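Notes for the one structure printed next.
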Amino acid sequence: MVVGAGPVGRFLAAELQRHGIETLLLEQRDAAADTRSRSDSAPNGRAIGLHPPVLAALEACGATERILEEAARIERGAAYDRARRLATLDFSALGARFPFAASVPQQTTERAISASGPAPICGARVTAISSEPDRVRLCVRIDGSPRERTARAVVLATGAAGRDLALPFTRLSLREYPDRYLMTDAPAALDPRADERTAIITLDRHGVLESFPLAGGGRRLVARIAGHSAGSLDRTAADALRRAVEERTGSEALAAAIGTVSPFRIRRAHVHRMRLDPAVRCFVIGDAAHEVSPIGGQGMNLGLLDAAGLAPILIARLRGRNVENAVQTWERDRLASARTAARLGGLNTALGRARSRRAHAALAAGIAATMRTPLRRTLARAYTMGFDRAAERVHPYEGGRRSGADPVP
Ligand SMILES: Cc1cc2nc3c(=O)[nH]c(=O)nc-3n(C[C@H](O)[C@H](O)[C@H](O)COP(=O)(O)OP(=O)(O)OC[C@H]3O[C@@H](n4cnc5c(N)ncnc54)[C@H](O)[C@@H]3O)c2cc1C
Numbered sequence: 004m005v006v007g008a009g010p011v012g013r014f015l016a017a018e019l020q021r022h023g024i025e026t027l028l029l030e031q032r033d034a035a036a037d038t039r040s041r042s043d044s045a046p047n048g049r050a051i052g053l054h055p056p057v058l059a060a061l062e063a064c065g066a067t068e069r070i071l072e073e074a075a076r077i078e079r080g081a082a083y084d085r086a087r088r089l090a091t092l093d094f095s096a097l098g099a100r101f102p103f104a105a106s107v108p109q110q111t112t113e114r115a116i117s118a119s120g121p122a123p124i125c126g127a128r129v130t131a132i133s134s135e136p137d138r139v140r141l142c143v144r145i146d147g148s149p150r151e152r153t154a155r156a157v158v159l160a161t162g163a164a165g166r167d168l169a170l171p172f173t174r175l176s177l178r179e180y181p182d183r184y185l186m187t188d189a190p191a192a193l194d195p196r197a198d199e200r201t202a203i204i205t206l207d208r209h210g211v212l213e214s215f216p217l218a219g220g221g222r223r224l225v226a227r228i229a230g231h232s233a234g235s236l237d238r239t240a241a242d243a244l245r246r247a248v249e250e251r252t253g254s255e256a257l258a259a260a261i262g263t264v265s266p267f268r269i270r271r272a273h274v275h276r277m278r279l280d281p282a283v284r285c286f287v288i289g290d291a292a293h294e295v296s297p298i299g300g301q302g303m304n305l306g307l308l309d310a311a312g313l314a315p316i317l318i319a320r321l322r323g324r325n326v327e328n329a330v331q332t333w334e335r336d337r338l339a340s341a342r343t344a345a346r347l348g349g350l351n352t353a354l355g356r357a358r359s360r361r362a363h364a365a366l367a368a369g370i371a372a373t374m375r376t377p378l379r380r381t382l383a384r385a386y387t388m389g390f391d392r393a394a395e396r397v398h399p400y401e402g403g404r405r406s407g408a409d410p411v412p
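Under my numbering, the first residue of the sequence shown is numbered 4, with each subsequent residue one higher.
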């Protein structure tokens with residue numbers, strides 16, 4: 004049983020089913036809410052970026068092909084100080100098989116994955132799990148009524164909202180950041196510096212403004228806003244974002260085009276164990292296991308790579324093989340990869356903060372100088388998740404070995 008039909012749970016369930024494992028995917032939301040929130044206009048799933056190793060990992064189930072039919076391809080990132088270009092990171096120079104990040108709405112990613120996986124059982128909220136040597140017991144509320152179910156293995160992919168289910172089995176480290184962001188989708192043509200293959204990071208002394216190409220045209224704008232309540236979706240939030248966009252890009256037209264905004268805050272969290280029991284039947288993956296700053300766009304990707312690595316191990320386990328070593332390596336690598344992504348997210352968050360005029364000038368000069376060194380290539384790889392431990396296996400950079408999901412051990 005896979006608990007949680009977000010992108011990560013859907014991918015794991017699809018991989019297990021593809022290898023002939025009977026898999027149930029439980030989702031707490033009812034069917035109507037699930038369909039509504041997975042529609043393209045809904046604000047719930049807000050991830051857009053899929054990085055090269057993940058595109059490679061999703062290939063075998065056919066999702067990559069479906070995603071790339073719709074995606075915008077981000078081939079480079081450019082750092083600006085208002086209209087002045089400071090530096091460019093070129094992802095296409097990495098020698099990767101998918102030399103770009105794909106930009107699609109999270110709902111499109113989920114649909115592309117679900118096309119080859121089991122449909123979620125909606126209205127099924129898991130309230131507790133307990134591991135026994137030969138099975139796992141789950142307490143589930145199905146359409147409001149309490150039931151007990153058993154499974155040979157259970158994977159929690161509940162996102163942060165359902166993380167409590169894992170906490171009887173592992174410790175959690177959690178940190179809240181003071182930073183607040185506002186986000187909107189705006190027409191592309193209005194950003195004078197934008198082309199459809201370039202992500203633009205505007206470093207401003209009042210805070211960062213990010214602008215990413217969206218599938219089908221348009222830009223995703225994300226701005227750090229001083230002191231704005233992250234909970235509010237009101238007119239003042241839209242005004243705050245309009246002011247920030249005009250101040251940081253100089254474009255009145257772009258600012259005027261801003262309609263609905265969506266706020267978010269930043270947390271960093273990770274569990275200490277992703278394998279939850281001695282019998283190797285319970286796991287936690289995705290945001291339930293680790294949450295990183297969305298500034299950097301790696302959270303969903305990390306979770307999808309958790310699932311890509313866990314699927315073959317679980318399949319082998321369910322076929323009665325000894326997977327002890329494989330599990331230990333997987334857990335160590337996934338926790339290390341989450342730390343790497345969290346550090347990068349933390350760096351991005353710090354770079355995006357407000358600072359004095361003098362500190363801002365020094366930062367801009369430092370970035371321009373750094374990007375003239377070979378470090379530029381390392382950063383291009385870091386920003387496309389080339390240093391995730393799974394990337395070495397699923398996604399060959401410059402003469403790597405092979406592509407596709409991990410084989411069953
Ligand atoms: C503004 C913003 C922008 C982002 N942009 C990006 C990006 O561009 N790229 C990127 O990689 N990441 C991005 N992220 C992060 C990304 O959204 C998350 O990492 C991703 O959604 C995690 O997926 P998940 O499947 O682990 O969890 P979720 O998407 O949270 O899904 C969990 C599911 O489990 C269900 N559930 C919870 N508890 C239970 C229970 N007890 N029983 C049954 N079901 C349950 C929930 O209803 C939900 O459907 C962004 C995040 C934010 C906030």
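C-beta: ideal position from N, C-alpha, C; glycine also. A quick note: this is a predicted structure, and the numbers were derived from the prediction, not measured.
{"Item": "Selection from GLY126, ALA169, GLY162 and GLY165 that minimises the alpha carbon distance to PRO149", "Value": "GLY126"}
{"Item": "Beta-carbon proximity list for THR91, same chain, < 6 Å, skipping 5 on both sides", "Value": "ARG79 and ALA81"}
{"Item": "Enclosing alpha helix (DSSP H) for ILE70 [first to last residue]", "Value": "66-73"}
{"Item": "Residue environment, SER134, which counts as buried when at least 16 other CB atoms sit within 10 Å", "Value": "buried"}
{"Item": "Exposed unless 16 or more other CB atoms sit within 10 angstroms - verdict on ASN325", "Value": "exposed"}
{"Item": "Proximity test, ARG32 beta-carbon vs ligand 2 heavy atom, cut-off 6 Å", "Value": "Summarising the ligand content, the structure contains ligand 1 and does not contain ligand 2."}
{"Item": "Inter-residue spacing [alpha-carbon to alpha-carbon] between PRO46 and GLU255", "Value": "Caution applies to PRO46, whose pLDDT of 45 falls short of 50 and renders its modelled position unreliable; the value that the coordinates give is listed next. Approximately 25 Å between the Cα atoms of the pair."}
{"Item": "Three-state secondary structure (DSSP) of GLY52", "Value": "strand"}
{"Item": "Assigned secondary structure, SER119 (DSSP; H/G/I helix, E/B strand, else coil)", "Value": "coil"}
{"Item": "As assigned by DSSP and simplified to three states, the class of ALA96", "Value": "helix"}
{"Item": "THR205 beta carbon less than 7 Å from that of LEU212", "Value": "yes"}
{"Item": "Per DSSP, cross-strand counterpart(s) of VAL139", "Value": "SER134 and ALA154"}
{"Item": "Rounded separation between ILE391 and ALA344 - CA only", "Value": "Rather than Ile, the amino acid found at residue 391 in this sequence is Asp. Rounded to the nearest angstrom, the two C-alpha atoms are 8 Å apart."}
{"Item": "Contact the region 331-342 vs the region 266-282: 3+ CB pairs below 8 Å", "Value": "yes"}
{"Item": "Continuous alpha helix (DSSP H) stretch holding ALA368: start and end", "Value": "360-373"}
{"Item": "N-terminal and C-terminal residue of the alpha helix (DSSP H) that THR263 is part of", "Value": "Careful: THR263 lies outside any alpha helix (DSSP H) and carries neither H nor E."}
{"Item": "6 Å Cβ shell around LEU141 - same chain, five flanking residues per side excluded", "Value": "VAL129, ILE132 and ARG152"}
{"Item": "Cβ pair ARG278, VAL225 closer than 7 Å", "Value": "no"}
{"Item": "Option nearest ARG227 by Cα separation, candidates ALA240, GLU250, ARG183 and ALA104", "Value": "ARG183"}
{"Item": "Proximity test, GLN301 beta-carbon vs ligand 1 heavy atom, cut-off 6 Å", "Value": "yes"}
{"Item": "Alpha carbon of PRO10 to alpha carbon of GLU113, nearest angstrom", "Value": "5 Å"}
{"Item": "Alpha-carbon spacing of ALA63 relative to ARG87, whole angstroms", "Value": "42 Å"}
{"Item": "ASP167 CB to nearest heavy atom of ligand 1 below 6 Å", "Value": "no"}
{"Item": "Cβ pair ARG471, ALA16 closer than 7 Å", "Value": "The displayed coordinates of the chain run from 4 to 412. Any statement about residue 471 would go beyond what the structure contains."}
{"Item": "CB of VAL6 within 7 Å of CB of LEU170, strictly", "Value": "no"}
{"Item": "Per DSSP, the bridge partner or partners of PHE286", "Value": "VAL158 and ARG278"}
{"Item": "Cβ neighbours of HIS363 in the same chain (closer than 6 Å, five flanking residues each side left out)", "Value": "ARG208"}
{"Item": "VAL6: CB within 6 Å of a non-hydrogen atom of ligand 1", "Value": "yes"}
{"Item": "Sub-7 Å separation of GLY23 and GLY300 beta-carbons", "Value": "no"}
{"Item": "Integer-rounded CB distance, given that LEU89 should sit under 8 Å from ALA371", "Value": "4 Å"}
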